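K.L.:
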Amino acid sequence: MQIAILGTGNMGAPLARILKGAGHDVASFGSKDDPSGGLVTADFVVLALKYEQALAVAAQPRVANALAGKTVIDITNPLAPDFMSLTVGHKTSGAEEIARALPQSQVVKAFNTIFASVLADHADGKTCTLPVFVAGDDPAAVDAVVALVQEMKLTAINAGSLSNARYLEPMTEMMIQFGYSLGHGDRVGFTLSEAA
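When you line the sequence shown up against my numbering, it's residues 3 to 198, in that order.
1) Can you say whether Val-74 is buried or exposed, counting buried as having 16 or more other CB atoms within 10 angstroms of its CB?
2) Buried or exposed: where does Glu-99 fall if 16 or more other Cβ atoms within 10 Å of its Cβ makes it buried?
3) Could you tell me the distance, in whole angstroms, from the CA atom of Asn-166 to the CA atom of Lys-155?
4) Cα-Cα, which of Gln-106, His-92, Thr-89 and Ile-77 is closest to Leu-121?
5) Between which residues of its own chain and Lys-22 is the CB-CB distance below 6 Å, once the five residues before and five after are set aside?
6) Would you mind listing the beta strand (DSSP E) stretches within the segment 20-86 that are 3+ residues and don't spill past its ends, in chain order?
7) From Ala-161, Ala-18, Ala-66 and Ile-20, pick the residue whose C-alpha is nearest to that of Gly-2; which is it?
8) Using 10 angstroms around the beta-carbon of Pro-83, count the other beta-carbons present and answer buried if the total reaches 16, otherwise exposed.
9) For the alpha helix (DSSP H) holding Leu-150, just list the boundary residues, first then last.
10) Does the segment 107-121 come into contact with the segment 6-25, if we say contact requires no fewer than three beta-carbon pairs (one atom in each stretch) closer than 8 Å?
11) Would the beta-carbon of Thr-174 fall within 7 Å of that of Asn-79?
12) Sort Ala-142, Ser-195, Gly-127 and Ala-125 by Cα distance to Pro-133 and report the nearest one.
13) Can Ala-60 and Ala-6 be called in contact, C-beta distance under 7 Å?
14) From Asp-126, Val-109 and Gln-179, pick the residue whose C-alpha is nearest to that of Phe-85; which is it?
15) Answer with buried or exposed for Pro-37, where buried requires no fewer than 16 other C-beta atoms within 10 angstroms of its C-beta.
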């Protein structure tokens, strides 16, 4: 498949490596690039920019037009500059705001609850046991992203509607607390398990 990744940083770079390793044709664009031409042929577009940048890019008419009818994977978290709070929450989510800017696209939330270091380890061949929670309002788009995650040798969990990003995004705040404030490091995350 043709996959365009907007963002070449600590999340975008390992995602590109993993997707290329899974046999996909990946085009990566930096935050200062004009990606609109490269989006037309993409089957999936991954928003791997900071939330504010992703929203600004999505709001550009030429980008929105290029993304019409496409599945857009939002991996952002609307983090404050100090990473200690969210700038959006409770009544909406970053993913829902991006979806409002892209009304002709199928926006799916995924990968936002995995630290970049875990993705980098996975790109280097280490097994990742943390799941990717996938939320969206278009069932076909969600199924397609779940299949893509599985091709990346990761576990996908359907997390329901896009409005559930209101809960997925705060999970990242708790991960930051566990990882840094409470000293567990940047290889931690959340999983889903059943009681014995």
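By construction, the Cβ of each residue, glycine as well, lies at the ideal position given by its N, Cα and C atoms.
Note that the structure is a prediction, hence the values are computed from the model and not measured.
P.N.:
If we stick to the structure as given:
1) buried
2) buried
3) 24 Å
4) Ile-77
5) Val-28
6) 27-31, 46-49 and 73-76
7) Since the first residue shown for the chain is 3 and the last is 198, residue 2 is missing from the structure and cannot be characterised.
8) exposed
9) 141-153
10) yes
11) yes
12) Ser-195
13) no
14) Gln-179
15) buried
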